[in-house]
Structures are given as structure tokens and as C-alpha cells.
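Below: the structure, in C-alpha cells.
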Amino acid sequence: MMTVTYPEQWDLDTLFPGGSESRELRLHMDEAVNKLSEFEAHVQKFEVLTTKEDAPKVADLLEQMSHVMRHLSQAGSFIGCLMAQNTQDKKAGILESEASTLSARFQNSFQKIQQDLVKTEDGIWNELLNEESLRKFTFVLNEWRDEAKMLLSEKEEGLITALSIDGYHSWGQLYDMLVGEINVTVTVDGEEKSLSVGQANNLSSHKDAAVRKESYQKLEEAWTEKEEFFAKTLNSIGGFRLETYKKRGWDNPLQEPLHINRMKQETLDAMWGAISKNKQPFVDYLNQKGKLLGKDGLDWYDVDAPVTESTQQFSYQEGAEFILKQFGKFGPELEQFAQQAFENGWIEAEDRPNKRPGGFCTSLPLGEESRIFMTYSGSMSNVATLAHELGHAFHSFALRPVHALNRSYAMNVAETASTFAEMIVADAAVKNAKSNEEKIALLEDKVQRSVAFFMNIHSRFLFETRFYEERKNGVVPAARLNELMEQAQTEGFAGGLASTHPHFWASKLHFYITQVPFYNFPYTFGYLFSLSVYAKALEEGDSFEGKYMALLRDTAVMSAEDLAMKHLGEDITQQAFWEKGIALCVQDAKEFISLTSTEA
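Take the sequence shown: its letter number 587 is residue 587 in UniProt numbering, and every next letter is one higher.
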């Protein structure tokens with residue numbers, strides 16, 4: 001049987017040939033404008049609902065809305081891919097601004113619909129939802145209505161949306177542009193190399209301590225040089241959010257992210273509370289790692305350092321084949337889907353200049369496809385990241401039978417699917433280790449993820465929470481942002497690091513994403529929630545894939561608490577739930593310490 005060679009560059013031409021100069025993209029954008037204009041006209045004629053006989057009218061409007069959303073999403077996702085693959089693509093930047101304007105127009109119409117839903121009398125509302133044409137939209141319609149009760153008037157919200165194009169979202173776009181222009185020169189294997197931020201970040205796991213330290217220091221110099229630009233950007237994003245919240249009467253900056261993630265404050269508090277009580281085993285791991293590296297304490301730039309001499313490297317082809325083999329053990333649907341993604345060029349993995357840092361998965365709804373972006377350099381961590389993004393894509397695949405309006409799942413449960421896929425691969429890698437040294441390296445890769453979710457992301461959450469409290473009183477200077485970041489890292493890592501990363505607030509894209517505030521705690525939620533799902537998968541074996549896909553389909557039509565109760569029988573507002581998952585991660589940390597102590 002002949003082996004298929006998987007491409008390392010994605011294929012965007014099957015979507016719109018020609019990139020940012022695509023004629024087909026231009027036609028699509030023009031069509032989207034026409035569909036949006038028709039929708040806007042329809043919305044203006046939409047009135048307060050007064051009888052259950054209005055159900056067909058609502059159903060018709062929802063179908064039209066769905067078509068517009070899919071067209072706008074198709075364009076926005078494609079343009080996002082163009083921006084990621086080449087930060088120097090100026091035309092893509094112009095298209096991004098155009099897409100943002102169209103999204104704002106759609107949002108204005110959507111808000112008018114919400115306001116009309118709120119005005120509908122409760123008795124009529126319940127009768128409408130019992131009509132067959134609307135019954136399947138009960139969750140989202142109730143959610144839209146409840147959300148509207150939290151907002152200002154249609155006119156005021158429309159003004160906020162209009163001003164957000166240049167006064168809010170453009171700041172996030174500016175951040176992308178600033179980072180895209182940064183290049184640092186680092187000596188790697190005796191050769192000076194000019195690297196993008198993404199490429200330099202990948203050196204955090206280089207086997208040579210001098211390379212790790214130099215890449216960190218060069219990046220730190222770059223963040224320091226532009227810290228005033230980044231501070232201005234972060235303060236402007238934060239200021240816009242806070243002023244909007246103030247007008248709406250929201251005092252808690254977490255109100256919006258909690259609403260977006262369909263979860264309660266009690267759930268978030270229970271999660272962080274359980275984590276804060278169980279950090280010592282991970283501090284012990286960090287201390288042990290420092291010893292293995294011959295240091296009295298672990299510096300920030302050594303957190304991702306390999307601890308064995310022969311760290312296993314995987315070519316992209318080998319990484320893909322390993323993922324497919326492990327996915328196949330879980331279920332045929334996941335394996336076949338991933339095979340399609342690899343073969344059809346849905347993945348951009350090549351290590352080259354001018355790519356943006358990080359990784360993501362985006363959906364192209366018109367063709368029911370996804371695209372995955374990352375920079376692959378051959379580590380086991382890269383293989384896990386690739387599996388993670390494939391998990392996101394599979395989530396979208398699982399939702400194919402569901403109506404488009406019932407596919408909007410929150411970020412916290414989105415991270416459940418991705419982390420679940422990542423666990424399948426990471427767990428298998430440890431079990432398949434051919435030597436003790438290899439097992440240590442792979443086990444450490446698992447523990448590093450726990451450190452990232454329990455310590456790094458907790459420090460991001462602490463920083464962001466405190467930043468917003470101080471931002472209420474005025475602009476927070478760059479020097480103070482550095483202090484807040486170091487304090488948060490000291491607390492988040494429970495004192496387990498010898499040095500911190502003061503400019504992490506400038507280096508992390510997540511702080512500058514305007515679509516979703518507090519782009520941090522959902523990752524930790526997804527990690528721990530997926531541990532419970534994974535435990536069920538191990539318990540039930542081959543029969544679980546169908547149940548898993550049913551869970552994924554419910555992620556878009558349930559609160560986080562209801563989802564956990566229905567599919568896991570668990571109350572996630574209690575610390576006991578979260579402690580079960582943490583305990584599994586503690587076992588990994590203790591096993592790593594035991595194995596490396598024996599080795600020593």
C-alpha cells in the first residue's frame with residue numbers, strides 16, 4: 001500500500017483562488033453585501049411579536065439570518081487565513097477592515113431583532129417557542145432574548161457597534177501588525193538566523209540552553225522597545241470595554257466572558273479554587289526540572305526545555321501518521337475526518353518567515369470545511385498542538401447535522417474537544433515509549449500542559465483581572481503592567497520560578513483579541529472538563545464515539561453546567577468535580593519526579 005505524503009502548506013485556492021487578489025473572493029464579498037442589505041431591509045420591517053401565528057415570520061427571518069452569517073463567516077475566516085500565513089499581505093489587511101465593517105452592520109441588525117424579542121409578551125413568547133418551526137431554536141432564542149435584557153437601547157448598542165470598528169477592533173488589528181513586523185536575530189547551531197516571533201517562540205524548547213536564553217532575551221528586547229505601543233493598545237482595548245460595561249450598568253468585567261461561555265461565576269470560582277489548593281505537586285515538578293537542568297531554580301525561558309538528551313523529533317509526516325493511528329483507536333469517525341484534513345490540504349504547518357505566531361482552527365461554513373494554522377518544528381509538543389487543532393475541526397464536523405444557528409458553541413467547551421484530541425495523542429505517546437528516557441520526555445510534555453493550564457493561564461487570569469480593576473481608575477502605564485504581570489506569575493506559579501517574564505502581557509496575542517474578552521480561563525476549563533470526558537472514553541471503549549459526538553452537538557444548545565450534568569452526571573459548581581481531573585494530572589507530575597529521581 002502506497003503511503004500518501006501530506007502537504008505542509010494548506011490549500012486556500014479551493015476556497016477562493018488567488019489569495020487576497022482573488023476575483024472569486026471579491027464576488028463573494030459583493031454577494032455578501034447584497035445578502036446583508038436584503039437582510040437589513042427585512043429586519044427594519046420586523047415588528048414586535050403579538051401572536052403565535054407570527055412563528056413562520058420568525059422562522060423565515062432566522063433562515064435569512066443564517067445565510068448572511070455563513071457568507072460573512074466564510075469571508076472572515078478566509079481573510080483571517082490570509083493574514084496568518086503572511087503578515088506582510090497588505091491587501092488582506094484592507095479586506096479584513098472591510099469584513100469588520102460588514103460584521104458590524106450585521107450586528108446592528110441582530111441587535112434590533114433582539115430588542116424586538118424582548119418586547120414580546122412572555123405568554124406569547126412561550127407559545128411561539130412551542131410552534132414546530134421554532135422549537136429547535138428554543139435555546140438560542142431564549143439566550144438572545146436574555147442577552148438583550150442586559151443591553152442598552154437598540155440605538156445606543158448600534159452606536160457602540162459602529163464605533164467599535166475603528167475604536168476597538170482596530171486596536172487588536174494594530175497589535176497583529178506590530179507583532180508581524182518584529183524579527184529577531186538568534187544564533188542557532190552556529191548560524192545567525194532572522195526569525196519571526198512565531199519562529200523565535202518555537203526555540204523555547206530547543207535543547208541548547210544558550211539558544212533558549214538568547215531567543216527569550218532578544219524577544220524581551222523587542223517587547224521592551226515597543227512596550228509603549230503595546231501598553232497604549234492594551235489600555236485602549238480595556239478602556240473601550242470598561243466604558244461600554246459602565247454604560248450597560250455592568251460592574252464586573254467577568255460578566256461578559258461568563259455570559260459568552262455560558263457558565264456561572266460559581267463554576268469559575270470552584271475551578272480556580274480547586275487548582276489553587278493543588279499546586280504544590282507542580283511546584284515540585286518545576287523544582288525537579290531545575291535540578292535536572294543543573295540550576296538552583298527554573299527560569300522562565302527554561303520552562304519548556306527538554307530534560308533528556310535524545311528528545312524525539314517527528315517529521316510532519318511522522319507526526320500526522322502517529323495522530324491518525326491514535327485517533328483510529330478511539331473511533332473511525334475521528335480518524336477518517338483527520339485523514340481528510342491531512343490529505344486535502346486543510347493544514348498550514350510549514351516553518352517559514354512572516355507567519356503570525358500561535359495556532360488556530362477556523363471554520364469555512366459554506367463548504368463544511370475547516371483550516372488549521374500552526375508552525376510545525378518537529379517536537380512532541382507540536383504533534384500535540386496539531387492534534388489539538390484537529391479536535392477543534394472535528395467539533396465543527398460533529399455539528400454538521402445541526403442547523404447553522406445551533407452551532408455557536410462557547411470557547412470553554414470548544415477547548416474541551418481540542419484538548420480531548422490532544423489527550424488521545426499525548427497518552428498514547430507515553431504508553432508507546434520505547435525507553436525510559438523517551439517515556440520521561442513524553443511524560444514531561446503532558447505535565448507541561450498541566451503547568452500551562454494550572455499555572456501559566458492562571459497567571460494570565462490574575463493579571464487580566466487586576467489590570468481591569470486598575471484600568472477603571474485610568475491608564476495603566478507599561479511599567480505597572482510589567483509589575484502586575486510579574487506579581488501574577490509569581491502567584492500563578494506558586495513561587496515555583498526563579499525568574500518571570502515581565503513583558504508577557506505584550507507578547508501574548510490573547511490579551512488583544514477583541515472578539516472574546518478574558519481569552520484564558522476557557523482553556524483551563526476545557527482541559528479539566530475534557531479529562532472527565534476522556535475518563536468516560538477509556539471506561540466505555542469503542543462504543544463511546546457516538547456518545548462523544550452527541551455531547552459535542554449539545555455544546556451549542558446548553559449551559560456548561562447543564563451539559564456536564566446531562567453527559568457526565570456531575571455538578572461543576574463544586575470543587576470536587578475539578579479535583580478529580582487535577583488528581584490525574586498530579587499522578588503524571590509525581591511519576592515524572594519518581595522516574596527522573598531514579599534516573600539521577
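Each residue gets a CB set at the ideal place from its N, CA and C atoms; glycine is no exception.
Everything numeric in this text was worked out from a predicted model, so none of it was measured.
Pick from the options that is closest to residue i, judged by C-alpha positions
i    : options                   : result
W578 : G80, G93 and A274         : A274
A231 : P257, F511, Y523 and G190 : F511
Y409 : S396, T419, N456 and T375 : S396
L390 : L552, R70, A210 and T419  : T419
Q9   : A162, H206, Q85 and K57   : Q85
K536 : A506, F360 and E570       : E570
F454 : I113, L72, F282 and V33   : F282
F394 : D302, L334 and Q339       : L334
Q280 : V303, C585, T596 and A398 : C585
E63  : K136, E47 and V48         : K136
Q217 : S597, L61 and H501        : H501
S77  : M29, F110, I113 and Q114  : M29
K329 : L442, I424 and D304       : I424
Residue i in three-state terms, based on DSSP
i           : result
S276        : helix
T375        : coil
E147        : helix
E369        : strand
V4          : coil
N183        : strand
V307        : coil
K35         : helix
E335        : helix
I513        : coil
K193        : strand
L293        : coil
V188        : strand
F454        : helix
E343        : helix
E256        : helix
E157        : helix
E47         : coil
E348        : strand
residue 603 : The structure shown has nothing for residue 603, since the chain only spans 1 to 600.
A556        : coil
A600        : Residue placement at A600 is flagged as unreliable, the pLDDT there being 47, under the threshold of 50; the coordinate-derived value follows with that caveat. Of the three classes helix, strand and coil, the one that applies to A600 here is coil, per DSSP.
M29         : helix
T14         : coil
Q574        : coil
N261        : coil
R480        : helix
R449        : helix
Unbroken alpha helix (DSSP H) run spanning residue i, endpoints
i    : result
S315 : Careful: S315 lies outside any alpha helix (DSSP H) and carries neither H nor E.
F230 : E227 to R248
L61  : A55 to Q85
T465 : I457 to R471
L129 : D122 to L129
V402 : V402 -> no alpha helix (DSSP H), and no H or E assigned at all.
H169 : Note, H169: premise wrong, no alpha helix (DSSP H); not H, not E.
R135 : E132 to R135
D427 : M411 to K431
D562 : A560 to L568
M380 : M380 to A398
Host beta strand (DSSP E) of residue i (start-end)
i    : result
F106 : Element bounds for F106: not the beta strand (DSSP E) but the alpha helix (DSSP H), K90 to K119.
T362 : F360 to L364
Chain C contact for residue i (CB, 7 Å cutoff)
i    : result
L390 : Although the question refers to chain C, the structure presented lacks it and comprises just one protein chain.
**Request:** Taking 8 Å as the threshold, find out whether the stretch 375-389 comes into contact with the stretch 476-494 through three or more Cβ pairs.
**Result:** no
Problem set entry | Contact between the stretch 207-227 and the stretch 458-475 (3+ Cβ pairs under 8 Å) | no
Check: What alpha helix (DSSP H) runs, 4 residues minimum, are completely inside the stretch 483-554?
Finding: 504-507, 521-540 and 544-554
Three or more C-beta pairs below 8 Å linking the stretch 53-67 and the stretch 122-131 = yes
Given 8 Å as the limit, is there contact between the stretch 444-458 and the stretch 561-575, that is, 3 or more CB pairs closer than that? no
*asked:* If contact is defined by three or more beta carbon pairs under 8 Å, each pair taking one atom from either stretch, is the stretch 513-525 in contact with the stretch 160-172?
replied: yes
Meets three-Cβ-pair contact criterion under 8 Å: the stretch 400-415 and the stretch 548-561
yes
Discussion item. Tell me whether the stretch 352-371 and the stretch 18-26 touch, counting them as touching only if at least three CB pairs, one residue from each stretch, are closer than 8 Å.
Written reply: no
Is the stretch 206-216 touching the stretch 177-194, taking contact as three or more C-beta pairs under 8 Å?
yes
Is the stretch 540-550 in contact with the stretch 476-486, if contact means three or more CB pairs nearer than 8 Å?
no
- Between the stretch 518-538 and the stretch 435-454, are three or more C-beta pairs nearer than 8 Å? yes
Touching by the beta-carbon criterion (3+ pairs, under 8 Å), the stretch 293-311 and the stretch 39-47: no
*Is there contact here, the stretch 175-184 with the stretch 143-152, by at least three beta-carbon pairs under 8 Å?*
no
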